[in-house]
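All the letters of the sequence shown, read from the start, carry residue numbers 1 to 258 under UniProt numbering. Where a beta carbon is used, it is the ideal one built from N, C-alpha and C, also for glycine.
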Amino acid sequence: MRMRVAVIDDEPLARSGVITRLAAHADVEVVGEFADGPSALEGIAALAPDLVFIDVQMPGMTGLEALAALPPAQRPMAVLLTAYENFAVRAFELQAVDYLLKPIDDERFAEALERARQAQPYRRSAAPAASAQVAAANGEDASWLNRFVVRVGRRVAFVEAAEVEWIQADGDYATLHVGDRAYLLRESMGRLSRQLDPAQFVRVHRSTIVRIDCVAELQPLSNRDAMLRLRDGTPVRASRTYIEPLLARLHGRPGFGG
1 MRMRVAVIDD EPLARSGVIT RLAAHADVEV VGEFADGPSA LEGIAALAPD LVFIDVQMPG
61 MTGLEALAAL PPAQRPMAVL LTAYENFAVR AFELQAVDYL LKPIDDERFA EALERARQAQ
121 PYRRSAAPAA SAQVAAANGE DASWLNRFVV RVGRRVAFVE AAEVEWIQAD GDYATLHVGD
181 RAYLLRESMG RLSRQLDPAQ FVRVHRSTIV RIDCVAELQP LSNRDAMLRL RDGTPVRASR
241 TYIEPLLARL HGRPGFGG
């Protein structure tokens, strides 16, 4: 699968260094290079590259600001070029598959490009889903979120929604529980509850979402809350605020919105 790449950096030598490295890969086509954020936005909209190598610290508009300004459906995969590591979480929200510290190491460059190759099929399949979210905002039919993109150390992992047993709020993040593994995702519970298929997931507390078929028992409590036991034995508290839609879903009825 051929990959179309754009290079964005305000330093000409840095741009040429990346382009020279890319020239060694037969499956990569450099479709454009840009020296600042605004021109990069125009170029990305016009050229629709699969991947961008983009500098974070650029005058006027940073690389992260440029990526954030793009609609999700138009936002390419990104490898960030920087001298710092403290932006990593925000970077991965913006489809960054890796980041390279300057000066760039050849081995790390090749590793980042390989990660982009591995992510490319998933990124392409995710594009219709992003378009569907826009359609939903306009009152049209939409698809439910079926895959999470999460960071595991310095790698990107793809977690199928159907494998997630329950989700727990953790400050500004959400923890996805998959068997004995947990994945951290920067997302609010309210947004997740609107993105997940209500036929499979239900919010049971302001800080908890469960997959319906993972609920094994429900024990009512005196204050009208309930204690759930999942099939793996995990106890989860359900707030009375969410009891009615929870019971409706457990009995196979549509219930209420999340």
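Are the beta-carbon atoms belonging to residue i and residue j less than 7 Å from one another?
i           : j           : result
residue 201 : residue 211 : yes
residue 50  : residue 4   : yes
residue 161 : residue 146 : yes
residue 40  : residue 34  : yes
residue 229 : residue 220 : no
residue 173 : residue 155 : no
residue 31  : residue 6   : yes
residue 204 : residue 182 : no
residue 66  : residue 78  : no
residue 60  : residue 36  : yes
residue 70  : residue 99  : no
residue 167 : residue 209 : yes
Count the other C-beta atoms from every protein chain shown that fall within 10 angstroms of the C-beta of residue i, then say buried if there are 16 or more, exposed otherwise.
i           : result
residue 152 : exposed
residue 176 : buried
residue 141 : The pLDDT assigned to residue 141 is 41, lower than 50, so where the model puts this residue is not dependable, and the model offers no usable value.
residue 191 : exposed
residue 101 : exposed
residue 76  : buried
residue 126 : Residue confidence for residue 126 is low, a pLDDT of 49 falling below 50, so the modelled location carries little weight and cannot support an answer.
residue 206 : exposed
residue 84  : exposed
residue 2   : exposed
residue 12  : exposed
residue 46  : exposed
residue 20  : exposed
residue 48  : exposed
residue 227 : exposed
Quick one, which of the options has its alpha-carbon nearest residue i's?
i           : options            : result
residue 232 : 247, 246, 215, 223 : 215
residue 251 : 9, 18, 217, 14     : 217
residue 64  : 108, 224, 8, 22    : 8
residue 241 : 30, 181, 81, 224   : 224
residue 57  : 14, 29, 72, 24     : 14
residue 163 : 120, 29, 243, 180  : 180
residue 213 : 226, 198, 80       : 198
residue 28  : 10, 248, 62, 114   : 114
residue 73  : 44, 82, 80         : 44
residue 121 : 105, 111, 149      : 149
residue 10  : 22, 38, 23, 159    : 38
residue 24  : 110, 47, 245       : 110
residue 107 : 246, 144, 248, 22  : 22
Quick check on residue i - is its C-beta less than 7 Å from some C-beta in chain B?
i           : result
residue 233 : As a matter of chain content, chain B is missing from the structure shown, which is built from one protein chain.
Does any heavy atom of the ligand FMN sit closer than 6 Å to the C-beta of residue i?
i           : result
residue 246 : Among the components modelled here there is no ligand, and therefore nothing to report on the ligand FMN.
| task | Could I get the ranges of all uninterrupted beta strand (DSSP E) runs contained in the UniProt domain "HTH LytTR-type" (148-252), with 3 residues as the minimum, in chain order? | result | 155-160, 166-170, 173-178, 181-185, 201-205, 208-211, 215-220, 226-230, 235-238
| message | Threshold first: 3 residues or longer. Then list the beta strand (DSSP E) segments lying entirely within the UniProt domain "Response regulatory" (4-117), N to C. | response | 28-34, 51-55, 77-82, 96-101
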